[in-house]
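Student: The opening position of the sequence shown corresponds to residue 16 in this note's numbering, with each subsequent residue numbered one higher.
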Amino acid sequence: MQTYAGNTHYYSIEWFRVSENTIFNIGIRIDKVTALMVLLVNFISFLVHLFSIEYIRGDKHFEKYFSYLGLFTFSMLGILLADNLLQIFIFWELVGLSSYLLIGFFFTKESASYSSKKAFIVNRVGDAGFLMAILIIIHFTNTLTITELPGLISNIPSPWLSLAGLGLFLGAMGKSAQFPLHVWLPNAMEGPTPVSALIHAATMVAAGIYLLFRINFIFTPDISLLITIIGLITSVIGAFSAISQTDIKKVLAFSTISQLGYMVMGMGVGAYDASLFHLITHAFFKACLFLSAGAVIHSMHHVKLEMKKNGVNVDFDPQDMRLMGGLRKRMPITFYAYMIATASLAGLPFFSGFMSKDAIITALFAWAETQNPIYYIIPITAIFTVLMTAFYMFRQVFMIYFHDFRLEKFHPQLAGAYEKVIETPWLMRIPIIILASLSLFFVFSYNPFDSNMGWMNSVVSANTFSTSQLNSWHYTVSISSVLAGLIGVAFSYYQFGRKDFVSEVIHTPMKERIFLTRLSFNSWYLDKIYNTTFVKPQLLLAKYFTWIDLHIIDKVINLISSMSIQQAKLITWLDHNIIDKLVLIAGYKQIIIAWFVEVFDKNIIDGLIKSLAESLKTIGRLINKLQSGNAQLYVASTLLLFIVLLYNILT
Numbered sequence: 016m017q018t019y020a021g022n023t024h025y026y027s028i029e030w031f032r033v034s035e036n037t038i039f040n041i042g043i044r045i046d047k048v049t050a051l052m053v054l055l056v057n058f059i060s061f062l063v064h065l066f067s068i069e070y071i072r073g074d075k076h077f078e079k080y081f082s083y084l085g086l087f088t089f090s091m092l093g094i095l096l097a098d099n100l101l102q103i104f105i106f107w108e109l110v111g112l113s114s115y116l117l118i119g120f121f122f123t124k125e126s127a128s129y130s131s132k133k134a135f136i137v138n139r140v141g142d143a144g145f146l147m148a149i150l151i152i153i154h155f156t157n158t159l160t161i162t163e164l165p166g167l168i169s170n171i172p173s174p175w176l177s178l179a180g181l182g183l184f185l186g187a188m189g190k191s192a193q194f195p196l197h198v199w200l201p202n203a204m205e206g207p208t209p210v211s212a213l214i215h216a217a218t219m220v221a222a223g224i225y226l227l228f229r230i231n232f233i234f235t236p237d238i239s240l241l242i243t244i245i246g247l248i249t250s251v252i253g254a255f256s257a258i259s260q261t262d263i264k265k266v267l268a269f270s271t272i273s274q275l276g277y278m279v280m281g282m283g284v285g286a287y288d289a290s291l292f293h294l295i296t297h298a299f300f301k302a303c304l305f306l307s308a309g310a311v312i313h314s315m316h317h318v319k320l321e322m323k324k325n326g327v328n329v330d331f332d333p334q335d336m337r338l339m340g341g342l343r344k345r346m347p348i349t350f351y352a353y354m355i356a357t358a359s360l361a362g363l364p365f366f367s368g369f370m371s372k373d374a375i376i377t378a379l380f381a382w383a384e385t386q387n388p389i390y391y392i393i394p395i396t397a398i399f400t401v402l403m404t405a406f407y408m409f410r411q412v413f414m415i416y417f418h419d420f421r422l423e424k425f426h427p428q429l430a431g432a433y434e435k436v437i438e439t440p441w442l443m444r445i446p447i448i449i450l451a452s453l454s455l456f457f458v459f460s461y462n463p464f465d466s467n468m469g470w471m472n473s474v475v476s477a478n479t480f481s482t483s484q485l486n487s488w489h490y491t492v493s494i495s496s497v498l499a500g501l502i503g504v505a506f507s508y509y510q511f512g513r514k515d516f517v518s519e520v521i522h523t524p525m526k527e528r529i530f531l532t533r534l535s536f537n538s539w540y541l542d543k544i545y546n547t548t549f550v551k552p553q554l555l556l557a558k559y560f561t562w563i564d565l566h567i568i569d570k571v572i573n574l575i576s577s578m579s580i581q582q583a584k585l586i587t588w589l590d591h592n593i594i595d596k597l598v599l600i601a602g603y604k605q606i607i608i609a610w611f612v613e614v615f616d617k618n619i620i621d622g623l624i625k626s627l628a629e630s631l632k633t634i635g636r637l638i639n640k641l642q643s644g645n646a647q648l649y650v651a652s653t654l655l656l657f658i659v660l661l662y663n664i665l666t
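1) Relative to the ligand MN, is the shortest distance from any of its heavy atoms to the C-beta of A222 smaller than 7 Å?
2) In the DSSP assignment, the beta strand (DSSP E) including F31 goes from what residue to what residue?
3) Rounded to the nearest angstrom, what separates I161 and M280 at their Cα positions?
4) Exposed or buried, what is V33 when buried is set at 16 or more other beta-carbons lying within 10 Å of its beta-carbon?
5) Are the stretch 244-258 and the stretch 407-416 in contact at 8 Å, needing three or more beta carbon pairs?
6) Note down the Cα distance separating I529 from M204, rounded to an integer number of angstroms.
7) Over what stretch of residues does the beta strand (DSSP E) that includes I502 continue unbroken?
8) Between the alpha carbons of S577 and G276, how many angstroms are there, rounded?
9) Which runs of the alpha helix (DSSP H) at least 4 residues long sit entirely within the stretch 122-197? Give them in chain order.
10) Out of F369, K344, R345, point me to the one whose CA is closest to I355's CA.
11) Per DSSP, what kind of secondary structure is G340 in: helix, strand or coil?
12) On a Cα-Cα basis, can you pick out the residue from M336, L541, I437, K190 that is closest to K344?
13) Mapping the DSSP letters down to three states, classify G368 as helix, strand or coil.
14) Go through its chain and collect everything with a Cβ distance to T296's Cβ below 8 Å, but skip five positions before and after it.
15) Considering only DSSP beta bridges, list what I38 is partnered with.
16) Per DSSP, what kind of secondary structure is A405 in: helix, strand or coil?
17) How many Å lie between I214 and F104 at the Cα?
18) Can you find the residues in the same chain that come closer than 6 Å, C-beta to C-beta, to L333, ignoring five residues on each side of it along the sequence?
19) So P209 and F269 are in contact, right, with Cβ under 8 Å, and what is the actual spacing, rounded?
20) Classify N99 as helix, strand or coil using the three-state DSSP reduction.
21) Spatial neighbours of G512 within its chain, please: C-beta separation below 6 Å, excluding the five flanking residues on both sides.
22) Give me whichever residues DSSP pairs with R710 in a beta bridge.
23) Taking F417 as the reference, which of I447, Y351, F365 has the closest Cα?
24) Determine the direct distance from the alpha carbon of G141 to that of I398, and round the result to whole angstroms.
25) Between V284, M219, I445, which lies nearest to L109 when the distance is taken from Cα to Cα?
26) Can you pull the DSSP bridge partners for D262?
27) Going along the chain, which residues of its own chain have a beta-carbon closer than 6 Å to the beta-carbon of M339, five neighbours each way excluded?
28) Check whether the Cβ atoms of I449 and A216 lie closer than 8 Å to each other.
29) Using a 10 Å radius around the Cβ and a threshold of 16 neighbouring Cβ atoms, would you call M16 buried or exposed?
30) Starting from Q553, trace the alpha helix (DSSP H) both ways and give me its first and last residue.
31) Which runs of the alpha helix (DSSP H) fall wholly inside the stretch 241-315 and span at least 4 residues, in chain order?
32) Which class does L320 belong to by DSSP, given the choice of helix, strand or coil?
33) Could you have a look at L422 and say whether DSSP puts it in helix, strand or coil?
34) Starting from the C-beta of T37, find all residues in its chain whose C-beta is less than 6 Å away, skip the five residues before and the five after it, and write them out in chain order.
35) What does the alpha-carbon distance come out to for the pair S7 and V266?
36) On the three-state DSSP scale, how would you describe M16?
Here it is as structure tokens:
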């Protein structure tokens with residue numbers, strides 16, 4: 016079936032049939048949003064592939080790495096193009112498999128292996144909710160086709176509709192790392208850095224936001240409010256957790272969690288266009304940040320290898336920002352790209368992130384205006400999160416690119432290591448430069464303070480707010496967010512921009528820091544709570560079942576197999592030693608019987624036949640003699656025969 020509806024293209028065929036009224040189709044649905052997302056995923060994936068050629072060069076699993084990347088991209092494209100929820104769910108699980116393979120790519124590292132399992136287990140919780148929603152929807156509507164569902168939602172009773180909406184949101188919570196299912200994302204940093212760029216920018220985490228957009232019609236007001244609150248909590252938790260991290264990639268990971276919270280808040284209040292706009296801008300500047308971080312890590316690895324060649328073998332973490340500093344002079348291109356992407360993420364004017372973030376916050380104020388006044392706490396908290404974002408991102412910039420190179424201070428034996436820091440090859444620099452360029456405001460709108468004048472409005476026009484509602488809050492939000500961002504930058508400079516303070520902060524052990532710093536570093540201790548109460552019990556249960564499989568089930572199967580082998584040996588022995596001999600004896604019997612038959616045939620049957628033939632010949636000769644041709648003899652014989660016959664009759 017092939018149909019067109021405006022700018023939307025549908026193509027589907029019957030997949031399988033459960034009953035006369037329940038038919039599952041498989042097909043594609045392409046509209047402007049789908050086309051934009053497909054372009055985004057392919058573009059980011061292409062740049063990540065390009066960057067990875069140099070980054071992963073020399074790894075013995077080079078080919079396997081790119082096959083995993085290809086599977087990841089294919090799975091995400093399947094989600095974007097799917098026209099029904101079952102089809103989405105299949106590709107949804109493929110995305111989960113791809114992330115498991117890529118996060119655990121360095122599987123010889125225990126931390127990487129553990130992190131991949133953790134991501135897989137936590138996402139299964141959300142996927143269980145997704146599957147539950149699918150079962151509810153198919154039960155009441157007999158279809159899972161997204162284009163048909165809006166007209167059939169009235170068939171689902173209200174409690175079941177809320178439960179279905181909650182289940183779908185659970186699925187999105189897992190993929191888009193929303194509280195409380197966000198704990199897997201920081202651990203996903205164990206995979207290669209380009210993989211982090213792909214996961215955090217355009218594939219896995221974007222899948223949940225895209226799903227919320229596609230099925231927004233199913234959410235009841237209560238579920239929409241829950242979505243908004245969860246998005247707010249996630250945004251605050253992610254931003255606060257990023258403030259005191261020392262791993263360059265973990266700062267960006269918690270940043271992703273926080274920014275996804277913004278997008279989920281937008282979806283909850285009905286600002287679908289603003290959320291998708293932020294999804295796209297975030298894809299560019301976050302991919303730029305991760306690839307730039309990958310360039311820094313690659314350069315720090317280079318320092319380690321070069322010092323090892325010089326006979327100085329010191330093991331250090333190339334991702335620890337405390338060991339960096341002053342890299343802007345050694346890696347100028349990476350530094351400027353990082354600054355542009357950081358300014359965009361922090362929501363500073365003249366960068367894309369400022370416009371998309373403000374669009375969401377403006378919608379939050381417009382929504383709160385129609386609700387209970389207490390709901391104003393949501394957009395106000397969102398602006399405070401802007402302050403935290405600017406603080407932790409510029410803290411990272413100051414720690415990596417400014418001041419002195421601290422690796423030599425931590426490890427005096429590495430004197431001269433700073434001179435070993437080099438800018439990355441051009442194959443890695445080109446994707447970074449392209450992504451940094453796409454983080455500037457003019458890519459999306461010629462007015463840096465108003466996204467409504469850009470081309471995004473012609474692509475996404477799904478919004479529940481009028482222009483007048485949004486305009487009434489536009490300038491208030493712009494001024495507030497700019498002030499919040501500048502305050503965050505200033506506070507970051509006060510703590511980490513000055514040489515005398517940065518050394519004091521960096522060299523203070525975490526256990527001696529204040530409680531809030533330790534709370535931030537340990538991400539509210541949620542990770543430890545999950546590991547203790549959920550992840551480790553699941554892994555322990557898996558080990559228990561593995562033990563049962565190896566020591567009980569396998570042994571029973573081996574015993575049965577061993578018995579079967581013995582039986583086969585016994586049958587073989589019987590065949591060779593008894594059956595074959597019986598067959599041989601039977602063969603001899605057949606030969607003897609055949610000899611007796613032959614003797615009987617020759618001496619009895621043939622003898623009888625020959626004797627009978629000789630007797631007949633003798634009789635024939637006698638009869639022949641009687642036929643002499645004498646007529647008188649014939650008459651006399653006939654008369655004699657007549658007399659004998661008459662005598663017998665009379666007597």
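Ideal placement from N, C-alpha and C gives every residue a C-beta, glycine not left out. Remember, predicted model here, so these are calculated numbers, not experimental data.
Tutor: Inspection of the coordinates gives the following:
1) You won't find the ligand MN in this model; it holds no ligand whatsoever.
2) 23-32
3) Take the alpha-carbon of I161 and the one of M280: they are about 23 Å apart.
4) With fewer than 16 other Cβ atoms within 10 Å, it is exposed.
5) Segments in contact, yes.
6) About 26 Å.
7) Taken as a continuous stretch (DSSP letters only), I502 belongs to no beta strand (DSSP E), being part of the alpha helix (DSSP H) at 482-507.
8) 58 Å
9) 125-156, 173-190
10) F369
11) coil
12) Comparing C-alpha distances from K344 to each of M336, L541, I437, K190 shows the shortest one belongs to I437.
13) Helix, per DSSP.
14) If we look at T296 and ignore the five residues flanking it on each side, its Cβ neighbours are S359, S367, G368, M370, S371, S454, F459.
15) R32
16) helix
17) 18 Å
18) The amino acid at residue 333 is misidentified as Leu; the sequence shows Pro. Closer than 6 Å at the Cβ level, and outside the excluded window around P333, lie I312, M315, H316.
19) Their Cβ separation, rounded to whole angstroms, is 19 Å, which puts P209 and F269 out of contact at 8 Å.
20) It is a strand residue.
21) So the qualifying residues of the chain are F413.
22) Nothing about residue 710 can be read from this structure; the chain reaches only from 16 to 666.
23) With distances taken between Cα atoms, F417 lies closest to Y351.
24) 29 Å
25) M219
26) Bridge partners of D262: D335.
27) I415
28) no
29) For M16, the predicted structure reports a pLDDT of 49, less than 50, and the residue's modelled location is therefore unreliable. The matter cannot be settled from this model.
30) For Q553, the uninterrupted alpha helix (DSSP H) segment begins and ends at 551-563.
31) 263-284
32) helix
33) DSSP, reduced to helix, strand and coil, places L422 within a helical segment of the structure shown.
34) Cβ within range, chain order: N157.
35) Outside the displayed range of the chain (16 to 666) lies residue 7, so it cannot be described from this structure.
36) Confidence in M16 is poor, its pLDDT being 49 and thus under 50, which makes the residue's placement unreliable; the coordinate value appears in the next sentence. Three-state result, M16: coil.
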